[in-house]
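S.K.: Numbering-wise (the numbering used here), the sequence shown opens with residue 325 and increments by one. Ideal Cβ placement from N, Cα and C applies to all residues, glycine included. There's a structure below that I have some questions on.
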Amino acid sequence: MVGCDAIASRFDRTVDDAMSQVDDNSPSYPDLDMVKIDDSLPSQVKRYEGFRLSFNRQNHTPNWVAWELLASELVDNVSRSNNFWQDDDIAGCPRHSDYTRSGYDRGHMIPAADQKRSLKAMEDCFVMANMCPQNG
């Protein structure tokens, strides 16, 4: 599950672009250079409401999930849905039943608590492509 928890703060910005906006008055972000994804990993990138992910069809898990979270979005507009769904457009996307009696939980890579700003955002974060096996 290499890169499963790699998170970037902006979807459409490369690390170089982000670093070009850092000046002498900006806080230091040395870890930005450490966010590197192996180009040889199978990847199908898809945008959902509020996040984007790269899915690895061989491992059946995300290579990475990226989103930006603003303080203004930390609102309780909707409740947690718990409606897991398979995205048929994602090759190798696991089914909800793949986790049944497996001993693993469905671990969100983008947490449902970060997606309460809209019903669509909440629904999309329950896509099985956003899950990794979680113990406990």
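#1: To the nearest angstrom, report how far apart N380 and A395 are at their CA atoms.
#2: To which residues of the same chain is A415 closer than 7 Å at the C-beta, ignoring the five residues directly before and after it?
#3: Nearest to E373 by CA position, among K440, C456, M455 and V399, is which residue?
#4: From S364 to D438, what distance separates their C-alpha atoms?
#5: Pick helix, strand or coil for L443, following the three-state DSSP scheme.
#6: Contact between the segment 385-395 and the segment 403-415: three or more CB pairs below 8 Å?
#7: In terms of residue numbering, what span does the beta strand (DSSP E) encompassing R376 cover?
#8: Is the separation between the beta-carbon of H384 and that of D422 shorter than 9 Å?
#9: So the beta strand (DSSP E) H432 belongs to, where does it begin and stop?
M.R.: Taking the coordinates as given:
#1: One Cα belongs to N380, the other to A395, and the distance between them is close to 31 Å.
#2: Q368 and R381
#3: The shortest C-alpha to C-alpha distance from E373 to any of K440, C456, M455 and V399 is the one to K440.
#4: 30 Å
#5: helix
#6: no
#7: First-last of the beta strand (DSSP E) with R376: F375 to N380.
#8: yes
#9: D429 to H432
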